[in-house]
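Shown next, in structure tokens, is the structure this report addresses.
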Amino acid sequence: MRINDPARRIREDSARLAPALIEIRRDIHAHPELAFEETRTAGIVAAELARLGIAHRTGVGGTGVVGVIEGGRPGPTLAIRADMDALPIQEETGQAFASRNAGKMHACGHDIHTATLLGTAAVLLGLAPMLAGRVLLVFQPAEEVLEGAAAMLADAGEGPLGLGGIDLALGFHNHPDMPVGRFGYCRGACLAASDRFDLTVRGRSGHAAHPYAAVDPIVAASAFVGQAQTVVSREIRPVHPAVVTIGAFQGGTTHNIIPERVHLKGTVRTLHEAARDTAEAALRRLAEGLAVAMRVECSLDYRRMVPPLVNDDRVLEPVLAAVRAQFGEVVEAGEPSMGAEDFAEFAARAPAFQLRIGSGAAGRDDRLHNAFYQPDEACIPNGVQALSRAALELLA
1 MRINDPARRI
11 REDSARLAPA
21 LIEIRRDIHA
31 HPELAFEETR
41 TAGIVAAELA
51 RLGIAHRTGV
61 GGTGVVGVIE
71 GGRPGPTLAI
81 RADMDALPIQ
91 EETGQAFASR
101 NAGKMHACGH
111 DIHTATLLGT
121 AAVLLGLAPM
131 LAGRVLLVFQ
141 PAEEVLEGAA
151 AMLADAGEGP
161 LGLGGIDLAL
171 GFHNHPDMPV
181 GRFGYCRGAC
191 LAASDRFDLT
201 VRGRSGHAAH
211 PYAAVDPIVA
221 ASAFVGQAQT
231 VVSREIRPVH
241 PAVVTIGAFQ
251 GGTTHNIIPE
261 RVHLKGTVRT
271 LHEAARDTAE
281 AALRRLAEGL
291 AVAMRVECSL
301 DYRRMVPPLV
311 NDDRVLEPVL
321 AAVRAQFGEV
331 VEAGEPSMGA
341 EDFAEFAARA
351 PAFQLRIGSG
361 AAGRDDRLHN
371 AFYQPDEACI
381 PNGVQALSRA
391 ALELLA
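For the sequence shown, UniProt numbering begins at 1 and goes up steadily by one.
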């Protein structure tokens, strides 16, 4: 089967689907669910796939859903991934469809991503005879805690609905820093590896008036915070971006007691594996040295979460060509970010690319993970068009 004007068909199908997709997005937005709790959202996804007649599997990696569209000819397997989880943020937008779940909000736009992939599924179903290969529709839980992709891939399964045989992977994310109607990309490493560490510093509690009779873990932990800032400035090559941040410092109960222990939580972000190795080794060494220098016990739990997200030109170039063919010259190059994304787990297993989709509303200056975030919903049909045309290009 051939379609003489795929751009027109995709555009018309996306416009026809847009009102229903926006309603789905608003329903999901009003009922946000945190990582591995996305049962209601997964139920909406499964019901929509069933309505379309798309074979699917639920409970993948906990609450994930995978659907499959078989093309008209043999070819590679392309995974298109959307994330579904929300954030522990109290929404402040005042919109009619604002979160009804206290302390939870879709402040990163995963409700938009879920609706966009459902629309893409509907469009590609009608274009299936043109596809040489298979499209896996991956609705992923727990991106915000950087664990959902690994959970789904560990629960890969066999056969047409299995994730073990992915040949290409396509991700996407809404970007409020870009106006709706624009698209963006970054070559190579575009998002950082993300690692976490927990440090417990144990001293000896005592009276604040007699510090000589105690061992103060607050002073020791404070020294660690200061020394940790030298990891980037003095141990990592200046051309290798890296960030070490202490996000929590907890210890003590009142004014006149030196506590027994202090707990620190931190994160390390890097774009290069060499910098990642250096940072981990340095923090371990600093903790060991602190124990000797300040008479405390240090327990460091360092956990590597996700690798850098590296865009592969073998997917990037066809996708950008598809977006230009569908929309014209609306694509702009962007810079890497020290944010992290567990789509990197898919990119570590197959050539992949994450497309940036402009979602900035006119007259607003929104940012992700913000209690007032209000994206322009026109990014949903735009995303449907871009992803559908990209699939046609990748599975031509």
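Ideal Cβ placement from N, Cα and C applies to all residues, glycine included.
Source: prediction; values computed, not measured.
Item, Value
"When the Cα atoms are used, what is the spatial distance from E38 to P141?", "7 Å"
"Would you identify the three-state DSSP class for L163, choosing helix, strand or coil?", "coil"
"Please report the straight-line C-alpha distance between I28 and A333, rounded to a whole angstrom.", "31 Å"
"Drop a sphere of 10 angstroms on the beta-carbon of P19, count the other beta-carbons inside from all chains shown, and report buried for 16 or more, exposed for fewer.", "exposed"
"Is the beta carbon of V66 closer than 8 Å to that of L136?", "yes"
"Do the segment 202–213 and the segment 229–246 touch if we need at least three Cβ pairs shorter than 8 Å?", "no"
"When you compare only the Cα positions, how much space is there between L392 and T200?", "52 Å"
"I need the DSSP call for M1, collapsed to helix, strand or coil.", "At M1, the pLDDT of 49 sits below 50, so the modelled position is not reliable; the number obtained from the coordinates is stated separately. Looking at M1 - three-state DSSP - the assignment turns out to be coil, as it is neither helix nor strand."
"Out of curiosity, what's the CA-to-CA distance linking P6 and H110?", "28 Å"
"Taking the DSSP output, what are the residues bridged to V243?", "R269"
"Counting only the same chain and skipping the five closest in sequence on each side, list residues whose C-beta sits under 8 Å from that of A274.", "R237 and H240"
"What's the gap between the Cα of P307 and the Cα of G75?", "28 Å"
"Taking the alpha carbon of S14 as the point to measure from, which residue in R196, I380 and A396 has its own alpha carbon closest?", "I380"
"Just the C-alpha distance for G226 and L290, rounded to the nearest angstrom, thanks.", "12 Å"
"State whether the segment 75–94 contacts the segment 180–188, with contact taken as three or more CB pairs (one from each stretch) at a distance under 8 Å.", "no"
"Spatial neighbours of V296 within its chain, please: C-beta separation below 7 Å, excluding the five flanking residues on both sides.", "V201, R202, G203, V215, P217, A220 and L290"
"Verify whether the separation of the beta carbon atoms of D167 and T77 is less than 8 Å.", "yes"
"Within 10 angstroms of its Cβ, does G59 collect 16 or more other Cβ (buried), or is it exposed?", "exposed"
"Once you ignore the five residues that flank F372 on each side, which residues in its own chain have a CB closer than 8 Å to its CB?", "E92, T93 and D366"
"Between the segment 266–282 and the segment 143–160, are three or more C-beta pairs nearer than 8 Å?", "no"
"Would you list, in sequence order, the uninterrupted alpha helix (DSSP H) runs of no fewer than 4 residues that lie entirely inside the segment 271–295?", "273–294"
"Can you tell me whether DSSP reads I236 as helix, strand or coil?", "coil"
"Determine, using beta carbons only, whether S359 and N174 come nearer to each other than 8 Å.", "yes"
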